[in-house]
Amino acid sequence: MKTILELRKELDESKITSDELFKEANLKAHKYQDEFNSFVTILDEKKEEKSDSLLSGIPYALKDNFSTKGILSTASSNILKDYVPVYDATIYKKLKSAGALLVGKTVLDELAMGGTGTTGHTGIVRNPWNKNHEIGGSSAGSACAVALGIVPFSIGSDTGDSIRKPAAFGGVVGFKPTYGRISRYGLFAFASSLDHVGCFTRCVKDAAIVTDVLKGKDERDMTSLPDEDIKYIDVIDNDIKGKKLFYIKEITDPELYKEAGNETLEILNKFKETIKRCKKIGFDVEEVSFDEKLLKAIYPSYMTISCAEATSNNSNLTGIPFGPRGEGNNINEIMFDARTKGFSELIKRRFILGSYILQRENQERLFKNAQRLRRIIVDKMNELFKYYDAMILPASGGVAPTFDSEIDRMSDRYLILENHMAIGNFGGFPSITIPNGFVDGMPIGINITGRVFEDGLTLNIANKIEEELGYKGLIKEEYDV
Amino acid sequence: MYKVVIGLEVHCEVKTNSKNFSSARNTYSEYPNENIDTVDIGLPGILPVANKDAFRKSLKMALALNCKTPDIVMFDRKNYYYPDLPKGYQITQETKQVGVNGYVMINVNGEDKKVEINNIHLEEDTASLDHFGNYSLIDYNRAGVPLLETVTEPCLHSADEAITFLEALKGIFLYTGVSEARTDRGQMRCDVNVSLMEENATELGTKVEMKNINSFNNVRLAIEYEIKRQTEILKSGGKVMQETRRFDDEDLKTYPMRSKVDAVDYKYYIEPNIPPIKIENSLIDEIRSEIPMLQYERIQKYMNEYGLSRYDSDIIVRDKKVSDYFEETIKLKVNPKSSANFITTMILGYLNKYEKTIDELYLTPQMLCELIHMVDEGKISSKQSKQVFFKCIEENKEPKIVVKELGMTQITDDKTIRDIVIKLLDERPDLIEDHRKGKNTFDYFVGQVMKQTRGQANPSITANIIREEMEKR
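Respectively, the protein sequence lines represent chains A and B.
Sequential numbering from 1 applies to the first sequence in the numbering used here.
Sequential numbering from 482 applies to the second sequence in the numbering used here.
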């Protein structure tokens, strides 16, 4: 399966045209739509701006929670099912002027809340490696579109692990850079302090190329970081000898998973093999101990903070200034009706939790304590990053779950192993998931999380590991056409 | 009798080019939904960008109110659902306000009073709603306009004190240029808390809040009505309910809106999209240096240093431009009382009559000084000076030119007058004789001098010379 750089070469050598690339992507998008449901909207007309960017003429897919002027943007929610924005998200503008070709808007878990890819208003997204499995979420369609080979890259958003988890389940690369590196203007907010924009690609180099286009200060996003002088693609091949990695004992020690199934043990085995290979190519890798109580607090803290922020962020969805107008005898009834009909039960549950968490009498005990835990965890990470350059961990404790296995995943045993990637959102750390082979025919991933602001180094480390492992441009044989 | 306790929360729109968190224009418009941006209607994906000018002006106001300013400023979200609030939350300041623990000096009917300010904070205005029979319309022009809320301690004890404070606050907004503070455009609005307590009680009584009163006069009426209503309840042995009431400006009464049990929990939390803003001392110093001397201090100065009455001082400081004009004349060494007198009577009379402002006036402070000096030196009479004033501003001419054109200059030269007097006395020795016998012929000679000089001889100089020359004979 071709990467952006390979396609770039073919375009530059006129072996292929952007028209042909777009047409091919469009055909595949339609062809796989019924089976896998990657898209909410597939665009049949190519719009291309002239550019000398590496992304010029390259097709891509965009998660449907980015604002695209004149193009339906639903966030996979009924309350926005007919919403056509009047303005462009900053990243969409950047991709347009880089000459990238938008192929479609992808399905997500409703309003980006959830990690299964099953809660979008247009139906579930399936895993290209096995249709009985989820692709994960919330950036389900974006992961699926790259895993199916429809597009060489796609854009997602990541609040807990919404890019990095589905990337692992789909056998592709998923990267979210440092908080503020990419503007959030035009990304429908879920939890503003945790929301990141990022990308799916078929190799680490492509993630660097895409991020080079997306990054930069945006006057419309006060949290966006100042421009840097470097391009990540220029530092991606740097020598990594002597770079220090760590992994957490309390997450990866097989002794902790005695009652777990073979799948988890196999994943941990593969992880340990990868650690050996990291050492072989010159990394110093050490095991560190991390207070288990803090690790256990990641998921509840994440849920507490994200639900609270989500409640507030989605308060604009009342059907008053836009969206389907509710019915009722007074303004409260009208808003109540619009929100009752517009959101699924899962979303309402999160909003009620969030509202409860923010109530004056609960804030100190729930919201502020969760924020304190977040701070303690980030401080501990920064402490470790004083010595180590990056953390390396399995992206998940299992392969992509089947559609009926939801309950198993919520058991305590998996809590830490399944949810540690939210650390990257807590601290705004650059974090990337790359494929780490297969278990039972399903792809698995490893996650590399780096020091804040050091996106280049994080990509550099991931690239070197990817080179060693050789899992690049993975695609199931039948889709490699 | 009960002691009245009043606290005010005053909202005032800040004068800026763009809105508080968007680039839409911040300007008064007759046309609905003209000044809006994606941010103002809360479209999905929008982010706030804090307006530097609004922020700076808020700090200026905080300093003008003698508030302590924090080392960092943050914004918070106040969450509630209402159609005038498109995002479903208002960005305001709860954790780190732009100013806390300040005060304003006011003078209520001759007595000085310190009004304590709990805090002043920057937030955004809501949209405005127009209600019709069975539908309502929303105008988002106002949504996102920077709004400064000034919160007093419950330290006011009468409608007079409340109104005097509001006028003083309005004066500070105008003097600092932070707001135009026009109540007729809804730029200044007020929530009023009123409670009554026994004269010797130590605890405050139950407070009633009246929301969004849009004129100072209505604030007065609402307070007076509420004092009457609560007094009657207490006198008859009842209890005042803690509640929010609405003042009806047609029947001038207050009506219940919601009680304490229905109070909204706004679920405040820190706005995650605006990073904390660090306030450098140098910025504070810079802003402080831009604050002009304010009304209260100017009145003190005019009374103590220039000997003006409080009444005249009040009138002069009402408009900063008038006050600055007055101070310009003082710099030119004119008698402050003469200047004040001219400004309060002639100039303000003229400006009010023709609805003009002082910067539209042709007569500059320099020209006014010239005019006053001519009166003080006896070159023209004060009656003549009025005539000159009108001709100056009507024909855009300087006073000395007008005086010349009207041939108004007085004869003050000793020799000129003396020559005329000697000639007159020579002609009528009989009247000098009569004068010696005690008959009043003095006025005759004065009259004759005036007649011969067409009234231009300075009367007091003339009188002195006649007296001297008569003595000699």
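Even glycine gets a Cβ: it sits at the ideal position worked out from N, Cα and C.
Exercise. What is the rounded straight-line gap between the Cα of A:Ala147 and the Cα of A:Pro128?
Worked result: 7 Å
Problem set entry | Option nearest B:Lys577 by Cα separation, candidates B:Tyr570, B:Met555, B:Asn560, B:Val596 | B:Met555
For this session: Could you name the residues of the same chain whose beta carbon sits closer than 8 Å to that of A:Lys380, not counting the 5 residues immediately before and after it, in chain order?
Result: Phe290, Asp291, Leu294
For this session: Specify the secondary structure class of B:Cys671 as computed by DSSP and reduced to three states.
Result: strand
Exercise. Do we get a CB-CB distance below 8 Å when we pair A:Asn67 with the residues of chain B?
Worked result: Note that residue 67 of chain A corresponds to Ser in the displayed sequence, not to Asn. At least one chain B Cβ lies under 8 Å of A:Ser67.
Problem set entry | Beta-bridge pairing of B:Val485 - partner residues as DSSP gives them | B:Leu677
Exercise. If B:Val798 sits next to B:Ser790, beta carbons under 8 Å apart, how far is it from one beta carbon to the other, in whole angstroms?
Worked result: So it is not a contact: roughly 13 Å between Cβ atoms.
Exercise. Using 8 Å as the limit for Cβ to Cβ distance, is A:Met222 near chain B?
Worked result: yes
Problem set entry | Which of helix, strand or coil DSSP assigns to B:Ser696 | coil
For this session: Determine the contact status of B:Ala821 and B:Gly625, defining contact as a CB-CB distance below 8 Å.
Result: no
Problem set entry | A:Ala308 classed as buried or exposed, judged by whether at least 16 other C-beta atoms fall within 10 angstroms | buried
Exercise. Which residues, taken in chain order from the stretch 65-90 of chain A, show a beta carbon closer than 9 Å to some beta carbon of chain B?
Worked result: Asn65, Phe66, Ser67, Ser73, Ala75, Leu80, Tyr83, Pro85, Val86, Tyr87, Ala89
Problem set entry | Limits of the alpha helix (DSSP H) - the one that B:Ala944 falls within | 940-953
Exercise. Among A:Gly445, A:Asp440, A:Phe438, which residue has its Cα nearest to the Cα of A:Ile432?
Worked result: A:Gly445
Exercise. How would you label A:Thr340, buried or exposed, when you count the other beta carbons within 10 angstroms and need 16 or more for buried?
Worked result: exposed
For this session: Give, in chain order, every residue of the stretch 549-574 of chain B whose Cβ lies closer than 7 Å to some Cβ of chain A.
Result: Arg558, Asn560, Tyr562, Pro564, Pro567, Lys568, Gly569, Tyr570
Exercise. For B:Ser660, which option in B:Lys541, B:Pro635, B:Asp900, B:Ile755 has the closest C-alpha, if you only look at C-alpha atoms?
Worked result: B:Lys541
Exercise. From B:Lys484, B:Phe613, B:Asn939, pick the residue whose C-alpha is nearest to that of B:Gln711; which is it?
Worked result: B:Lys484
Problem set entry | CB-CB length for B:Thr607 against B:Gln571, believed under 8 Å | 7 Å
Problem set entry | Buried or exposed (CB count within 10 angstroms, at least 16 for buried), A:Thr159 | buried
Exercise. If you measure from the beta carbon of B:Lys748 to each beta carbon in chain A, is any gap under 8 Å?
Worked result: yes
Exercise. Which chain B residues sit within Cβ distance under 7 Å of A:Gly186?
Worked result: Gly526
Problem set entry | Nonlocal neighbours in the same chain, by C-beta distance under 8 Å from B:Phe536, ignoring five residues either side | Val554, Val579, Leu603, Ile758
For this session: Answer yes or no: does any C-beta atom of chain A fall closer than 8 Å to that of B:Ala531?
Result: yes
Problem set entry | Cβ neighbours of A:Ser53 in the same chain (closer than 7 Å, five flanking residues each side left out) | Ala98, Gly99, Val213
Problem set entry | Residues of its chain near B:Thr810, where Cβ-Cβ distance is below 7 Å and the 5 sequence neighbours each way are ignored | Ser820, Pro846, Leu849, Cys850
For this session: Determine which residues share a DSSP beta bridge with B:Ile740 and list them.
Result: Rather than Ile, the amino acid found at residue 740 of chain B in this sequence is Ser. Per DSSP, B:Glu724.
Exercise. Hey, is A:Asn316's beta-carbon within less than 8 Å of any beta-carbon in chain B?
Worked result: yes
Exercise. Can you tell me the Cα-Cα spacing of B:Ala744 and B:Tyr736, whole angstroms?
Worked result: 16 Å
Problem set entry | Where B:Ile760 meets chain C, residues with beta-carbon distance less than 8 Å | Here the protein chains are A and B, and chain C is not one of them.
Exercise. Straight-line CA distance for B:Ala944 to B:Asp795?
Worked result: 40 Å
For this session: For A:Asp284, I'd like the list of residues in its chain whose CB is within less than 8 Å of its CB, leaving aside the five on either flank, ordered along the chain.
Result: Gly242, Lys243, Lys244, Leu245
For this session: Anything in the stretch 318-329 of chain A with a Cβ closer than 8 Å to a Cβ of chain B? List those residues in chain order, please.
Result: Thr318, Ile320, Pro321, Phe322
Problem set entry | Contact set between B:Thr519 and chain A, taken where Cβ atoms lie within less than 8 Å | Val86, Tyr87
Exercise. Should A:Leu346 and A:Gly114 be called a contact, given that it needs their Cβ atoms to be closer than 8 Å?
Worked result: yes
For this session: Mind reading off the beta-carbon distance from A:Glu35 to A:Lys96? Whole number of angstroms is fine, and I expect it under 8 Å.
Result: Rounded, the Cβ-Cβ distance is 30 Å, inconsistent with contact.
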